[in-house]
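Residues 7 to 159, numbered by our numbering, are exactly what the sequence shown covers, in order.
Glycine included, every Cβ here is placed at the ideal spot set by N, Cα and C.
Quick caveat, the model's predicted, so the values are computed rather than measured.
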Amino acid sequence: MTHDFPQEARVVVNTPWTTESLYEALRSDKSVDLDGVELSLIGGVDAIVNITMHDHGDLAMHMAVSGEQIFVSSPLCLATQVKDRAAFNEACLRLNPVNPLSNLGLQNVGGEDLYIVFGELSSRSPLPAVVEEIHALADNTIQAAEAFADHLK
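Now the structure itself:
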């Protein structure tokens with residue numbers, strides 16, 4: 007998905023985003039395309055933004071800002087759902103270079119390995135770039151799920 011943003015929307019933000027300020031900007035800026043996207047802020051020491059992409063089958067995503075980085079991720083599948091992890095890992099490595107703006111990785115969640123699709127950008131990125139990352143990650147997660155369907159139990 008490519009967007010034509012005005013030149014002023016492409017400049018770097020002087021003050022880095024926090025998770026909270028990014029959430030508020032996404033909710034209040036009417037110029038960004040978030041139709042079919044539901045946002046909720048989960049506060050705490052390490053706040054996160056829960057994102058539900060209704061136009062992508064209610065795909066769940068998470069976004070957080072930490073220091074100089076915005077991290078956006080979406081679960082792909084649990085490792086226990088994979089038939090052959092070695093073959094699946096190779097398939098992930100082969101897809102990674104052709105998956106624009108997104109990467110594939112593993113996270114340990116509650117003692118279980120979870121394959122994720124994720125992307126990162128600068129915490130000084132303009133809001134339209136963050137929105138583009140959200141949409142690209144959703145598209146890439148769906149494409150990865152379709153590409154890896156034969157690898158799952």
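Can you tell me where the alpha helix (DSSP H) holding residue i begins and where it ends?
{"i": "I28", "result": "Ile is not the amino acid found at residue 28; the sequence shown has Leu there. Start and end: T25 to S34."}
{"i": "E44", "result": "Careful: E44 lies outside any alpha helix (DSSP H), inside the beta strand (DSSP E) at V43 to I48."}
{"i": "L101", "result": "R91 to L101"}
Between the Cα of residue i and the Cα atoms of the options, which residue gives the shortest distance?
{"i": "G116", "options": "L127, A85 and V43", "result": "A85"}
{"i": "L40", "options": "T21, Y29 and V88", "result": "Y29"}
{"i": "S72", "options": "M59, K89 and W23", "result": "W23"}
{"i": "A155", "options": "T21, A93, Q113 and D119", "result": "A93"}
{"i": "A153", "options": "T21, H68, L82 and T58", "result": "L82"}
{"i": "V38", "options": "E138, H157, T21 and A142", "result": "E138"}
{"i": "K159", "options": "N95, C98, Q113 and Q87", "result": "Q87"}
{"i": "N56", "options": "A151, E74 and E26", "result": "E26"}
{"i": "S131", "options": "H68, E74 and T58", "result": "E74"}
{"i": "A31", "options": "V136, H141, A151 and H157", "result": "V136"}
{"i": "D52", "options": "M69, K36 and G42", "result": "M69"}
In terms of residue numbering, what span does the beta strand (DSSP E) encompassing residue i cover?
{"i": "T58", "result": "I54 to M59"}
{"i": "L82", "result": "Q75 to L84"}
{"i": "L65", "result": "L65 to S72"}
Sorry if obvious, but does the Cβ on residue i come closer than 8 angstroms to a heavy atom of the ligand NAD?
{"i": "Q75", "result": "For the structure depicted, the ligand NAD is absent and the ligand set is empty, with no information on it obtainable."}
Residues bridged to residue i by DSSP?
{"i": "V88", "result": "L158"}
At least three beta-carbon pairs within less than 8 angstroms, the segment 98-111 to the segment 141-149: yes
Whole runs of the beta strand (DSSP E) within the segment 104-156, excluding any shorter than 3 residues: You should have 109-115 and 118-128.
Three or more C-beta pairs below 8 angstroms linking the segment 50-66 and the segment 114-132: Flag = no, the segment 50-66 and the segment 114-132 do not touch.
Stretch-stretch touch, CB-based, cutoff 8 angstroms, three pairs: the segment 75-91 with the segment 43-52: no
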